[in-house]
Structure formats: C-alpha cells, structure tokens
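In the working numbering, the protein residues as written are 19 to 556.
Note that the Cβ used here is the ideal one computed from N, Cα and C, for glycine as well.
Just so you know, these numbers come straight off a predicted model, no measurement behind them.
This report concerns only the one structure given below.
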C-alpha cells in the first residue's frame, strides 16, 4: 500500500466520521430511528434498575414527554435527566428493547454516568451517547476498503467502495443515533474483512479466533448478530488455503465455538424460560382474513421492495422522510443488475461473489420471513428493516466490486466509474443532510428560511459555533480527500507485456492462483488492464 492510498483511506475515514458527527449534532435529540427506545433502556440501567424480561420494560413517563412530534423546546429550556425522570413514573407503553441482551445499553449507561446524566441537560447526554456510537462506526470505511482490496487486489476499487458508504444516508443516520445496531454493524463489517482474509488464503489461527470474536460481539449485543454466522462458516469451509477438509472443518468449529461459548448461554436461558431465544416484547395479535380473501404475494412484494429499498438507502427522521424514489430505485436496480450480470461473465470470481452474497441474502431471508408472517396474520405490512443489511455492508460491496470488475474490463471505463462513485456519493450525503434539515426545521419544505434557521440554532445543544466548525471542517477535508481519491483511482501503472510479466496489473489474478477459485480467462487476453492492481493485496 502506497502513501497516497493510505492518506486517501484516512481521509475517507475522517470524512465519514465528520459527516456522522454533523448528523449527530443537527438531528434533533430522540429523532433518530428507534432512538427514544434505546435512550430509555439506557436510562433505566443508569438509574440502577435491573434488566426485565421481554415485554416488561416500560417507557419513563418524563422521557416519553420529551418525544415531541415536531420541534423540541429551545436548548436553553431543556431540563436535566433528574428533572424529566422525576420519581421514575412509567408509562404503560412497552419499550421493545428488552428483547435484546443489555450489553450495549450497559456500555451507554456507563457513558451516561461519566457525563453525570442526572445533573446535566438531557439533550447533551444524548449527544454524548451519539458520539460514542459515531466512534464505534469510525472503522467501517477502512474495513470496507480492506475487505474489497483483499478480495479484488485493486486499490482503485477498494477506494471507490469505501467512498460509496456516503451514498447510503441511512447508515449515517443510524450510526449517529443512539442505537443498539451500531456495534452489530461494526462487528459485521469486521467479520466480513476477516472472513474474506480466510477465504483468500489466510491460514492464521489468530484470524480464525478473531473472526469468532467478531461474531461473539454481534451476538452479545442482539440476536441479529447471528445473521453473520452462516456467512462466516461458509467462508471458512470453502476457503482454499491448503489446510485440507479436516483443517477447514476444525477452523469452522473454532469460529462457531467462540460465540457459542461466550454468548449462547443468554439465548439458551431465554429459550428454556420462554420457548424462544428472542421473545416478542409485544403480545401476539392475529386477525382473520375476510371470506374469499387471502394474502396476496404481489401486494406483499411491492410493499417489501419499497420498504426495504427506502429503509436501506434512506428513510430519514423516525422513518418519515424517504429519499427520492427515482434515486432509490435507480441505485437498487443498478446494483442488482450488475450483480446478476456480473455473475454471468466467465471472468468473475464466483466463489468470492457467492460467499460474500450469502451474508446479505441471509439477512433478506430473515426479514422476508418476519414480514410475511406479519402480513399474513395482521392483514397489512410495513417494512422498515433495511438496517438488517447494514452489518453485511462490506460483504455487499465485496460482491458488487467483483461483479463490476467482471463487467468492466477497459481501464478507462473503470477509472470513470470509480471517479463517478467518489463524486456522486458525497452529493447524495449532502442531499440527505438537506432533507434532514427541511424535515426537522422547515416543515419538509426545501428552503432555508429565517424561521427555520432560528429553530435550528435554538435547538443545537451547544449553539451555532460547533455547527459552523463542523461544516467548515467537513467541507475542507472532503475537498482534499476528493482530490486525493480522484488521483488515486486514476493512477496508471506500466503496461504489461505478457501474462508472465503481469505482476502489478489488475487482471493478474487471472494469471496466478489465489485461493478464491480459478479464473477462466487468462489475464493477457483481456482487452485492457487495471494498472492499480497490487499483488500484495491478497
């Protein structure tokens, strides 16, 4: 890895962190996805209460009262947590967070105590917890870059993939909110990088143990962390690392044993007590379909497509404000078409694509089964579970990267596509921040009015100066990083003379065995090459 590439990756990471920090500062407190439920669960633990069974956790009445539908009171008028909690009165409304282990809520409860939550204004405490989540999300761009670089051997593709994260505003919104999903996302991305290393020939037992540890982190926080387990096991079992069938089986057992030993006891205990490893916090309700009517797969498919695509790319606020349907559908169709079309090409690394795709496919199957059951028994469906795909973000980008590289063979086109990604992604992020501002402070009218600015300035926890500093820092670092990335993805290397001298060429993985499966077409037969290829990437 060269100095320019390292600087570019660091720049992308800093930009990602600044965008999330800006989002955390501008987004009104408790207005993130399920943020009220997460903060309420944290405060229950911070007050010294135990962790109740699923369905027995109720919202604190004082905190629930702060969850106003439109604008929060001015920051100077907001009380501390001791005032809003009062005598600890609870509302009958059930907080569903008790269906998860208390692990991450305990971490955030410690943060609340470090911030002296009882005597500090409640929105400042929420901001502190948000920034902890931002810090946990910070490694994601570097891990995405490392995963794609390992899988493809192309720094150009890896840089473009890391930049693409900014084109998914829902990641920024969720990652900058108080959410139990944040550590699960980072653990899933870490597991992807480690699994790709194993898949592409890493024989180290430390990598295997670390992969099991990443799975354990996810399952320690929520049952949704288990979605990564089939993908990780598949990567270990089909890896070509020279260890033989027995060696791969032993490695798979180690990967499975780490989360089983460290976290399975929680889910086993729940299964013994309730009959299921993750009890539903709400009582089961079922309605019968009218005579001569039944669930309609076409109706469900339409709702599922719209709900999943919107809540993946960006359903901002409290799942209130979707991005443009044209943008969402275009991105979704292009990504799916590239994946399917890429798999049909002879040059594609199908082993890597299919193993990586197993992660998001598992998540989709879980969501599909849950939402179909809801539709069939409740006569309706509201899909907002795009976040189930976020732990698989790196795996999605690995599969996309391999597919696009099989589709696009000409170097000049690869450069154009990579540059398009690093330009379009931040534009989407800016547009999403504009949607957040208009929805939160302008009654969803796209304007910057005097009243809207005053509402924003009065709502900010520490006033206007931190906002101005964040905007300037984000703009400057983004501009510098864009220039670096633009040059990095366009860097040309020496032309290769033959397959034997193709070391350093992007399609050289066609001319050498790599452990992810044999290539069908020799690199020398390609009409062009990708000169940014680095043999050391694998």
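Legend entry - Proximity to residue 409 [Cα-Cα], best of 389, 386, 420 and 381: That would be 381, whose Cα lies nearest to the Cα of residue 409.
Legend entry - Beta-carbon proximity of residue 3 to residue 169, cut-off 8 Å: Because the chain spans 19 through 556 in this model, residue 3 falls outside it and cannot be assessed.
Inset, instruction - To the nearest angstrom, report how far apart residue 195 and residue 433 are at their CA atoms. - result: Computed Cα separation, rounded: 35 Å.
Legend entry - Per-residue DSSP class, three states only, for residue 518: Note that residue 518 scores 32 on pLDDT, short of 50, meaning its location in the model is unreliable; the coordinates nonetheless yield the value given after this. Of the three classes helix, strand and coil, the one that applies to residue 518 here is coil, per DSSP.
Legend entry - residue 406 classed as buried or exposed, judged by whether at least 16 other C-beta atoms fall within 10 angstroms: Under this definition residue 406 is a buried residue.
Legend entry - Terminal residues of the beta strand (DSSP E) in which residue 110 lies: 108-112 is the extent of the beta strand (DSSP E) around residue 110.
Legend entry - residue 76, enclosing beta strand (DSSP E) - first and last residue: Taken as a continuous stretch (DSSP letters only), the beta strand (DSSP E) holding residue 76 covers 76-78.
Legend entry - Nearest-angstrom Cα separation, counted from residue 261 out to residue 516: Because the pLDDT at residue 516 is just 32, under 50, the model does not fix this residue reliably, and the point stays unresolved.
Legend entry - C-alpha distance - residue 440 paired with residue 395, whole-angstrom precision: Going by the C-alpha atoms only, they are around 44 Å apart.
Legend entry - residue 364, buried or exposed, once every other Cβ within 10 Å from all chains shown has been counted against 16: Exposed, since its Cβ has fewer than 16 Cβ neighbours within 10 Å.
Legend entry - Sufficient close CB pairs (3 or more, under 8 Å) joining the stretch 197-210 to the stretch 150-161: With the rule of 3 Cβ pairs closer than 8 Å, the stretch 197-210 counts as touching the stretch 150-161.
Legend entry - Distance between residue 113 and residue 413 (C-alpha atoms, nearest Å): The alpha-carbon atoms of residue 413 and residue 113 are separated by roughly 32 Å.
Legend entry - Endpoints, the alpha helix (DSSP H) within which residue 366 is located: Element bounds for residue 366: n/a, residue is neither H nor E.
Inset, instruction - Consult DSSP for residue 333 and reduce its assignment to one of helix, strand or coil. - result: DSSP places residue 333 in strand when its eight states are reduced to three.
Legend entry - Cα-Cα separation, residue 273 to residue 246: Computed Cα separation, rounded: 11 Å.
Inset, instruction - Could you tell me whether the Cβ of residue 337 comes closer than 8 Å to any Cβ of chain C? - result: Here chain C cannot be found, since the structure has a single protein chain.
Legend entry - Integer-rounded CB distance, given that residue 184 should sit under 8 Å from residue 443: The beta carbons of residue 443 and residue 184 sit about 4 Å from each other, so the pair counts as a contact at 8 Å.
Inset, instruction - Look at the Cβ atom of residue 50, then the Cβ atom of residue 498, and state whether they are nearer than 8 Å. - result: With respect to the 8 Å criterion, residue 50 and residue 498 are not classified as neighbours on the basis of their beta carbons.
Inset, instruction - Could you give the DSSP three-state label for residue 120: helix, strand or coil? - result: Correct three-state label for residue 120: coil.
Inset, instruction - Just tell me which of 73, 243 and 374 has its CA closest to the CA of residue 300. - result: Nearest to residue 300 by C-alpha distance, out of 73, 243 and 374, is 73.
Inset, instruction - Could you tell me whether the Cβ atoms of residue 421 and residue 360 are closer together than 8 Å? - result: Cβ distance < 8 Å, so residue 421 and residue 360 count as in contact.
Legend entry - As assigned by DSSP and simplified to three states, the class of residue 22: Helix.
Inset, instruction - Give the secondary structure of residue 525 by DSSP, where H, G and I count as helix, E and B as strand, and everything else as coil. - result: Residue placement at residue 525 cannot be trusted, given a pLDDT of 37 that sits under 50; the coordinates are not used to answer.
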